[in-house]
Every structure is written in C-alpha cells, then in structure tokens.
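Numbering (mature numbering (1 follows the signal peptide of the UniProt record, and there is no 0)), first residue to last: -20 to -1, 1 to 529.
Have a look at the structure below, then the notes.
Shown next as structure tokens:
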C-alpha cells in the first residue's frame, strides 16, 4: 500500500508538467517594449519559457533576480561589447527623435530600429532550427515573427501596449491630428481629419518607403529551412492570424471596431510581486501622510534641456510653497540629474531654492527607482510623467492622475488623450489646426512656463474629477484580467491550434459587396432605376415618333 501511494504521488506530480507549454518570448531590449513582455513571461510560471532579448534589457529589468528551472534567458548577442553597441543604438534613436519631428526622424530611426529587430530575428531563426515551441510570443516591433510562425506552424501571439486606430478609417479621429471623438461629430472637423491624413501620408511615405526598402534588404537569409521565407510576397500575403494582446483599455483612444484576434487585458502588473526594498527612499515615502506626494519620472531616454528644467523646477517649487503638507519625489537619470543640479544653482529666487533643498519635503533620486511600488502607495497623489505608454498604464492602473511632459513619439498623442479623458493634463498646448496641418505632429520644440506647471498641478491636486476618472480607467483595466487573463488567453489560443476564426463576427466573413449590402442595393435600387430609365427613354422615343408621323 505505501508503495502504491508513492507511485501515485509521483504520477500526480508529473501530470502538470506533461501539459505545460514550451513558449518562446521575443523582444528588443528597449525599456517600454521589454518590461511588459518580461512581466507576461514571468506570469507563465507553469510553463517552460525561453526569453530572447538584447543585453541592454538588463538596464531596465532584473533578469538575474528571477531564476527558475523553467525560465531561460537568451541574448541575441553574447559578445563582450554587445551592451555598449546596443545602448549606442538606443541613444542614436532618441537623439534623432529629440532634435526633429517624428516624421522628419523616420528615415534615420527606421534603419536603427530595424538593426535591433533583425539582430533578435537572426537569433530567433537559429533557435527555431534546433528547437520546437508550442507558442511564440513577441513584441509587435520585432518584424517577421508572424511569417516565421506560419512557416513553423506555431501559434503566434503579439504583445503591444495599445491599439492605435486605423488612420484610413475616417470615422475615427487621427491620433496625430490631436482630435477627439467629440470633434469628429462636427462636419468641419471631419473634413479636417481627412485632409490631415492625406497631408501626413504625403509627407511620410516618400521618407518611409526608402527606409523600409533598405530595412527589407537587410533581413537575414540564413541557410536552412528559413532561407527564402522573408520575401515581400510572404510579408504581404502572410496567412498567420496572430492573437494580439493589448494592455491599454479600448476606451483610451477612440473605441474602434472589435476584432476577434484582439484581446484588451489591462496593464501587465502583478501586485503581489511588487517588491518593497527597504531603503531611505521607501522609508521616506512610507512616513508621508495620505495623498501628499507628487512623484515625477521621465523615462529611460528623455533629455530635459536647461530652459525646460528651469521652468519645471520653478513651477514645482512654487507648487510646494502653495500646498501645505505636500512633498516631491523626482527620479532623474544621470544627464537629467546633472542638469537639475545645474539649474538648482541658477535659481534666482532664494525661497524656491530653499524649498527644493528641504530634504523633509523633497527627494531627488539619481537613477532608476521602483516605480510600480511608488505608484502603488496611497501617499502618492499625482504622477508627473513623460507619458510613455508603459508609465501611463502603471499610473492609471494605480489610479494616479497624470501631468504629462511629453518629449517625442507617441507621448504627444498620449498627453492629449489623457487630457481629453480627464485623467490628467498636459504641458503641451496643441497648436492651431492650420499650424498642425503645415507641420503635422511637429511638437518637439514646444515650450511651457513655470506658472503653467504650478497651475496645472494645483488643478490636479484639488479637483476630484481627475482621480475619479483615473479610478474608472483602473477599474476597466483590472476587470479585463491583466496577466492572469493573458496567460489563460495564450493557453486557450494554443489549445485551439492558433485558430480563432470560429469567433469571427459573421459580418467579417462576408465579401466586401455583401458586407456593405451592395448586392441588395443593386437589386432594390440600381436595377429598378435602370428599368425606370429604360422605360422612360422608350416612352420618350415613342412620343417623338408619333409627333413626327
């Protein structure tokens, strides 16, 4: 009998393993892309995970602290100088974006991003030549993954923070035009939406096409089963239907049409794993009263120049003087930290300088801080952010209103949307429609004053509507299921062999003329019209003939 019990226990212990998946996660090492992918990979703790990324990911996520026999980390480049090369590429990207508009920077940025993506893709091919996986989960920015999945007959899952509306759908506002859904109910704004889209395409396509062609030519062709799969025809006509996991709720941007391959899951945050490191900063934050802290952080690559830094900290200091009991935590990386120290010495107003030097009310951190833990604290009331999508997700998940200080890329559109949804405000004041049409999505040189920083913070601090709106957005995210639901969706997708067509709305299975009832329109409108015209012409000819006779 004891022997039978032991055998039974051994068999039961092996059953979960027999059903576990072999999952390959693929992502570049940039902070905003690798962080949510890593959180999702950790949530797959009942499965075998191979996590492929770049060495610079170590700067943003703690890969070494997460050790598991079923979790393997692979880097696309194991050379000793790989980290330096990757960081230089990242700096080149942000340098181009910081000094010119997004559209003007596309021709320089696309090849660099392409090199990062292709390096990861190259390593992916080598892994797939020797290993098999039940599912491949990739960041949307890694090109060619869907084609690889189709070739290997492997279910494909794509992760991205938000689903931007289709710019060719003129019934939803173009996010680059900074229009709201309310604007699009007006005839003049609808015309502007179309004109703006045409304008931005005529400016973008001539620059983007050569860059994309150059990128396509550099896609690796490795001898073996995947040598000839990366053709333009395969990219254009790939039949792979990936499961798309979206973190930002569909109501963040204007809700568009539902699609059965897209799942909105909320922020990838596991609150039980948010670590509380016992240090001076955490003890300082814990000692503060409820809703008394303004927390600010500006991403991994944003660069704050002297004039902006001067107006920013002048406005923050004035805010502290006008709100008794408030405190400030700012997280700067090295270049911005040095600029802060320089500007602090340049402050003419002694009262402003004194309040910023008061370590009981102000904490200035040089380097990365545990942002999830800070935003989770009840003592934090408002978040000052560059409005990268990842930071917006974390702030809204923890119900913190946001003051946006955007620098580049999607941050401008995020800031406008946050203002429009009443979950925060933005220091960027959009230009007139005419200026925006002449120089589309060209905001990188915008300015703000110290008084605008103070006034907008005071509004967020005192008006409860912003916190209530953030609570609703947080409720929507948590209801979507987050990481737990994401894992369930992946498991379900694999069990269905990567085929979700059974859930496709019937309308989407119809051909174009059936979906828009052109056949019905032809039978009941066009055809009767033709008959009526034919009969009318016949009658007219007969009358003319009778008159002639």
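Just so it is clear, CB atoms sit at the ideal spot from N, CA and C, and this is done for glycine as well.
- Counting of Cβ neighbours within 10 angstroms places residue 485 among the exposed residues, the total staying below 16.
- About 12 Å separates the beta carbon of residue 86 from that of residue 194, a gap too long to meet the 8 Å contact definition.
- A buried status is given to residue 434, since no fewer than 16 other beta-carbon atoms sit within 10 Å of its beta-carbon.
- The shortest C-alpha to C-alpha distance from residue 263 to any of 41, 472, 148, 353 is the one to 353.
- Nearest Cα to residue 18 within the set 290, 410, 2, 40: 40.
- Under the three-pair Cβ rule at 8 Å, the segment 172 to 188 counts as touching the segment 415 to 422.
- Under DSSP, the beta-bridge partners assigned to residue 244 are 226.
- Inter-segment contact for the segment 87 to 97 and the segment 397 to 411 is absent: fewer than three beta-carbon pairs are separated by less than 8 Å.
- Residue 246 is a Cβ neighbour of residue 227, given a cutoff of 8 Å.
- By the beta-carbon neighbour count (other beta carbons within 10 angstroms, threshold 16), residue 84 is buried.
- The shortest CA-to-CA distance from residue 16 to any of 463, 498, 285 is the one to 463.
- Following the DSSP letters along the chain, one finds residue 369 inside the alpha helix (DSSP H) bounded by residues 369 to 377.
- Its Cα nearest to that of residue 252, the residue 356 stands out among 159, 161, 356.
- The distance from the Cβ of residue 122 to that of residue 152 is about 27 Å, inconsistent with a contact at the 8 Å cut-off.
- Restricting attention to beta strand (DSSP E) runs no shorter than 3 residues, the segment 62 to 120 encloses them at 115 to 119, ordered along the chain.
- In the structure shown, residue 168 falls within a helical segment according to DSSP collapsed to helix, strand and coil.
- Membership of residue 277 in the beta strand (DSSP E) is indicated by the continuous run 273 to 277.
- For the alpha helix (DSSP H) assignment, the uninterrupted runs of no fewer than 4 residues enclosed by the segment 448 to 511 are, from N- to C-terminal side, 462 to 475, 486 to 489, 492 to 495, 498 to 501.
- For residue 366, the closest alpha carbon among the candidates 322, 360, 374 is that of 374.
- Residue 139 sits buried, since 16 or more C-beta atoms from the chains shown fall within 10 Å of its C-beta.
- Collapsing the DSSP output to three states places residue -1 in coil.
- Residue 160 and residue 425 have their C-alpha atoms spaced approximately 23 Å apart.
- By the beta-carbon neighbour count (other beta carbons within 10 angstroms, threshold 16), residue 287 is exposed.
- With respect to the 8 Å criterion, residue 130 and residue 220 are classified as neighbours on the basis of their beta carbons.
- Within 10 angstroms of the beta-carbon of residue 205 lie fewer than 16 other beta-carbons, which makes it exposed.
- Within the model, the alpha-carbon separation for residue 406 versus residue 282 is close to 16 Å.
- Under the DSSP definition of a beta bridge, residue 28 partners with 2.
- In the same chain as residue 394, and ignoring 5 residues on each side of it, the C-beta atoms closer than 6 Å to its own belong to 367, 372, in chain order.
- The alpha-carbon of residue 430 is positioned some 15 Å away from that of residue 336.
- For a cut-off of 8 Å, the C-beta gap from residue 215 to residue 127 is around 6 Å, short enough to register as a contact.
- When DSSP states are grouped into helix, strand and coil, residue 359 belongs to the coil group.
- Per the C-alpha coordinates, the member of 413, 376, 497 positioned closest to residue 156 is 413.
- For residue 383, DSSP records a beta bridge to 364, 405.
- For residue 418, the three-state secondary structure derived from DSSP is helix.
- The distance from the Cβ of residue 7 to that of residue 33 is about 5 Å, consistent with a contact at the 8 Å cut-off.
- Counting along the chain, residue 138 sits inside the beta strand (DSSP E) bounded by residues 136 to 140.
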